[in-house]
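Colleague: Below are the structure tokens for one structure; questions will follow.
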Amino acid sequence: MTELTLTLIKLGFLAVLWLFVLSAVSVIRSDIFGAKVESPRAPKAPKQRAPKPPKGRKPKRGMPSTLVVTDGPNAGQLVPVTGADILLGRGTDAAIRLDDDYVSTRHARFSTNGEQWYVEDLGSTNGTYLGSQRVTTPVPVDLGVPVRLGKTVVELRK
Amino acid sequence: MSSPATTPAVVHRKRRGAEALLIALALAIVIFAFCAVGLGARGEVPGFVAGLAVLLVVIAVATHLVVRFVAPYADPVLVPLVVALNGLGIAMIYRLDLARLDSLGEEAKQFAGRQVMWTALGLLLFVAVLLVVRDHRKLQAYTYTFGLAALVLLILPLLPVVGRQINGARIWINIGGMSLQPGEFAKICLAIFFAGYLVVKRDALALAGRRFMGIDFPRGRDLGPILAAWLVSLGVLIFQRDLGSSLLFFGLFVVMLYVATERPGWLVVGTSLFLGGALFAATTFSHVQSRVDAWLSPFPVTDGTFQLTQGLYGMAWGGLLGRGLGEGNPYLTPFAYSDFIFASFAEELGLAGSMAILLMYGLIVERGLRIALLCRDAFGKLLATGLAVSFALQVFVVVGGITRIIPLTGLTTPFMSYGGSSILANWAIIALLLRISDQSRRPPPEAAPMQMDDATQVVKL
């Protein structure tokens, strides 16, 4: 084994090592230059989902401007929607301080990614319901869909 | 038909193909390293390379398939980086085995084979964690169980029957002839415990307090947990004589507290507590004192500074491009295969190669923090941050100690050092990170159309 070959092997190994590091970086370059954003107008096979709600209360398009309490002890109260998270519960840090014995201190949170609002249960005792389904993960909620927390019902309005 | 705009803003791609390519490249590096070691040290390619290549490819394909099916949206670069680091570590351990064979003859201890066995076990644990933990949020339910497990794991080495004192540190337990460091696993349990605890308590920790000299300091009664963590890490330092783990546990807690509360006051409190404890330990305990002395004045070489200075000579001898694999003398440093494996790499790969290795560690930490940013729930965010920070702290403590930035402490270099517990625990950490990453990159559930007619009735009282 000549000195030259060993030097070539040494340099070659360093080159391959750096090639690996750089290709790992190139895989995650989207961290720097941003990820693919799907345009909202892209056709997304609307037939598959959204079989019509039977009662014909079609969810309205667009972003909500208020969160309204429609039923329960605080019925009629509303809070303007700005885009920041909205915390619901009996605690002092809630956006609407619900005066409802069946609601937990930090009960549920409404949050948005800029296009769609989600409701998320914060480990409440009595649960948060969309229709008959208990909310366990962040679930998308549309305009005019009633969300029930304890004896209180809230919905997003335009 | 006016369907609601429910498409999420960012669609993460799975990138499993990119992962497969990177794993292939990582395997090529590892096999190249074995060939280079053989050529450099013996002038011939080691005979087992073909068999090793087949074994590696089989293991890598299996790992890749498991990730593809069990965590399809997981981060694509973590596994390749870890495979490369682990494989390079085994190649260097094999290189040091060859040197020991030359100097001691046939009865010399061989470590590379056992390290391969530990790596295989680590991969099994990796797959098991991915299969068992299908949703990281389930771990939050066991917050205090993990806290207790961490305490038990930390106390185990102090118990009379199972505990073992090796090289001055009482951090080992002996089970069936195998030595394990339970502290490595305590690290994971502690990260889960801190994350679960802080998610619940962070509001009290963040909102109450008073402002002093422009920094928000927490209330006195909220200092309880940080004082407890400080005492535990001081206890590790005093009773187990393990400087590195003590620094790791306390640093992990302070950083997670800071991330959870967004209050720099905790960093001030934590750093001053740590400096106080370190100063106290450095003046009181002889074993800490000798480490600090060796750090401040390694020359002239004494018994206490021999290892450190040998490592420094080795790294200097390596220079910019290194001696070449198999052509340096890293075996002159005591424990070159475990604590000082980074110095061995710096000698044989030089500054260029050791920077690449540090960059790989940096990328692993970056991915961990990125996973924390992407994660949707607070527990997952904190857990990913904690795991990434513990990884970063460990690399900093080891490499900082070897390069004389901080006093030398006995921690393992993740994935590279010889040692079963370290390999197992770090593969488990990667599995947890992949699980959190899979959860957070997965597209959010489609908006299910609500069935309005069967809404639950509110019972009017």
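Line by line, the protein sequences give chains A and B. Per the working numbering, the first sequence runs over residues 1 to 158. Per the working numbering, the second sequence runs over residues 1001 to 1461. Glycine included, each C-beta is placed from N, C-alpha and C at the ideal position.
If we call anything under 8 Å between Cβ atoms a contact, is residue 1436 of chain B one with residue 1371 of chain B?
Modeller: Here residue 1436 of chain B corresponds to residue number 436 of the second sequence, with the count starting at 1. Here residue 1371 of chain B corresponds to residue number 371 of the second sequence, with the count starting at 1. Cβ distance < 8 Å, so residue 1436 of chain B and residue 1371 of chain B count as in contact.
Colleague: Run through the DSSP bridge pairs and tell me what residue 1163 of chain B is partnered with.
Modeller: By one-based count along the second sequence, residue 1163 of chain B stands at place 163. For residue 1163 of chain B, which the question treats as bridged, DSSP gives the partners B:1173.
Colleague: Can you tell me whether DSSP reads residue 1017 of chain B as helix, strand or coil?
Modeller: The residue you call residue 1017 of chain B lines up with position 17 of the second sequence. Helix, per DSSP.
Colleague: Using 8 Å as the limit for Cβ to Cβ distance, is residue 13 of chain A near chain B?
Modeller: What you label residue 13 of chain A is simply residue 13 of the first sequence in a count that begins at 1. Yes, residue 13 of chain A counts as interfacial toward chain B.
Colleague: Give the interface partners of residue 1391 of chain B over in chain A, defined as CB-CB distance under 9 Å, in chain order.
Modeller: Translated into positions along the second sequence, residue 1391 of chain B becomes position 391. Near residue 1391 of chain B there are no residues of chain A at all, since even the closest Cβ is about 16 Å away, more than 9 Å.
Colleague: Could you work out which residue in B:1403, B:1043, B:1026 is closest to residue 2 of chain A when comparing CA atoms only?
Modeller: Counting from 1 along the first sequence, the entry for residue 2 of chain A is found at position 2. When only C-alpha atoms are compared, the closest one is B:1043.
Colleague: Determine whether the beta carbon atoms of residue 88 of chain A and residue 154 of chain A lie at a separation below 8 Å.
Modeller: As a working note, residue 88 of chain A is residue 88 in the first sequence. As a working note, residue 154 of chain A is residue 154 in the first sequence. Result yes, Cβ atoms of residue 88 of chain A and residue 154 of chain A sit closer than 8 Å.
Colleague: Within the chosen definition, does the stretch 1309-1318 of chain B reach the stretch 1348-1367 of chain B through at least 3 CB pairs nearer than 8 Å?
Modeller: The stretch 1309-1318 of chain B, when compared against the stretch 1348-1367 of chain B, does touch it at the 8 Å Cβ threshold.
Colleague: Please classify residue 1144 of chain B: is it buried, with 16 or more other beta-carbons within 10 angstroms of its beta-carbon, or exposed?
Modeller: For this step, residue 1144 of chain B is matched to residue 144 along the second sequence. Its Cβ having fewer than 16 others within 10 Å, residue 1144 of chain B is exposed.
Colleague: So what does DSSP say about residue 1348 of chain B, is it helix, strand or coil?
Modeller: The residue labelled residue 1348 of chain B in the question sits at position 348 within the second sequence. In this structure, residue 1348 of chain B counts as helix in the three-state DSSP scheme.
Colleague: For residue 24 of chain A versus residue 1083 of chain B, is the C-beta distance shorter than 8 Å?
Modeller: Taking the first sequence and counting its residues from 1, one reaches residue 24 of chain A at position 24. Taking the second sequence and counting its residues from 1, one reaches residue 1083 of chain B at position 83. No; because the gap between Cβ atoms is not below 8 Å, this pair is not in contact.
Colleague: To which residues does DSSP link residue 1386 of chain B through a beta bridge?
Modeller: Taking the first residue of the second sequence as 1, we reach residue 1386 of chain B at position 386. In DSSP, residue 1386 of chain B forms no bridge with anything.
Colleague: Determine, using beta carbons only, whether residue 20 of chain A comes closer than 8 Å to chain B.
Modeller: In the first sequence, counting from the first residue as 1, residue 20 of chain A sits at position 20. By this cut-off, residue 20 of chain A is an interface position.
Colleague: In the DSSP assignment, the beta strand (DSSP E) including residue 1146 of chain B goes from what residue to what residue?
Modeller: One-based indexing of the second sequence puts residue 1146 of chain B at position 146. Unbroken run through residue 1146 of chain B is the alpha helix (DSSP H), 1143-1155; no beta strand (DSSP E).
Colleague: By DSSP, does residue 1095 of chain B sit in helix, in strand, or in coil?
Modeller: Residue 1095 of chain B sits at position 95 when you count from the first residue of the second sequence. Residue 1095 of chain B falls in the helix class under three-state DSSP.
Colleague: Can the beta-carbon of residue 72 of chain A be found closer than 8 Å to that of residue 100 of chain A?
Modeller: For the purposes of this step, residue 72 of chain A is identified with residue 72 of the first sequence, where counting begins at 1. For the purposes of this step, residue 100 of chain A is identified with residue 100 of the first sequence, where counting begins at 1. Closer than 8 Å, so yes.
Colleague: At least one CB of chain A closer than 8 Å to the CB of residue 1036 of chain B: is that the case?
Modeller: Translated into positions along the second sequence, residue 1036 of chain B becomes position 36. True, the Cβ-Cβ gap to chain A drops below 8 Å.
Colleague: When you compare only the Cα positions, how much space is there between residue 144 of chain A and residue 1440 of chain B?
Modeller: Here residue 144 of chain A refers to the residue found at position 144 when the first sequence is read from its first residue. Here residue 1440 of chain B refers to the residue found at position 440 when the second sequence is read from its first residue. Distance between the alpha carbons of residue 144 of chain A and residue 1440 of chain B is about 28 Å.
Colleague: Given residue 1161 of chain B, which residues of its chain have a CB within under 8 Å of its CB, disregarding the five upstream and five downstream residues?
Modeller: Residue numbering aside, residue 1161 of chain B sits at position 161 when the second sequence is read from its first letter. Closer than 8 Å at Cβ, skipping near neighbours: no residue.
Colleague: Considering only residues of the same chain and omitting the five flanking positions on each side of residue 146 of chain A, which have a CB-CB separation below 6 Å?
Modeller: The residue you call residue 146 of chain A lines up with position 146 of the first sequence. Hits under 6 Å: 153, 155.
Colleague: Counting along the chain, where does the alpha helix (DSSP H) carrying residue 159 of chain A start and finish?
Modeller: Because chain A is modelled from 1 through 158, residue 159 of chain A falls outside the range shown and cannot be assessed.
Colleague: List the residues of chain A that residue 1029 of chain B touches, going by C-beta distances under 7 Å, in chain order.
Modeller: As a first step, residue 1029 of chain B must be located in the second sequence, where it is residue number 29. 16, 17, 20, listed in chain order.
Colleague: Taking Cβ-Cβ distances below 9 Å as the criterion, which residues of the stretch 125-138 of chain A are in contact with chain B?
Modeller: Within the stretch 125-138 of chain A, the qualifying residues are 129, 130, 131, 132, 133, 137, 138.
Colleague: Quick one: Cα of residue 114 of chain A to Cα of residue 85 of chain A, how far?
Modeller: To locate residue 114 of chain A, count along the first sequence from 1; it is residue 114. To locate residue 85 of chain A, count along the first sequence from 1; it is residue 85. Between residue 114 of chain A and residue 85 of chain A, the C-alpha separation is close to 11 Å.
Colleague: What residue ranges within the stretch 1392-1443 of chain B form continuous alpha helix (DSSP H) runs of no fewer than 4 residues, ordered along the chain?
Modeller: Entirely contained in the stretch 1392-1443 of chain B, the alpha helix (DSSP H) runs reaching 4 residues are, in chain order, 1420-1441.
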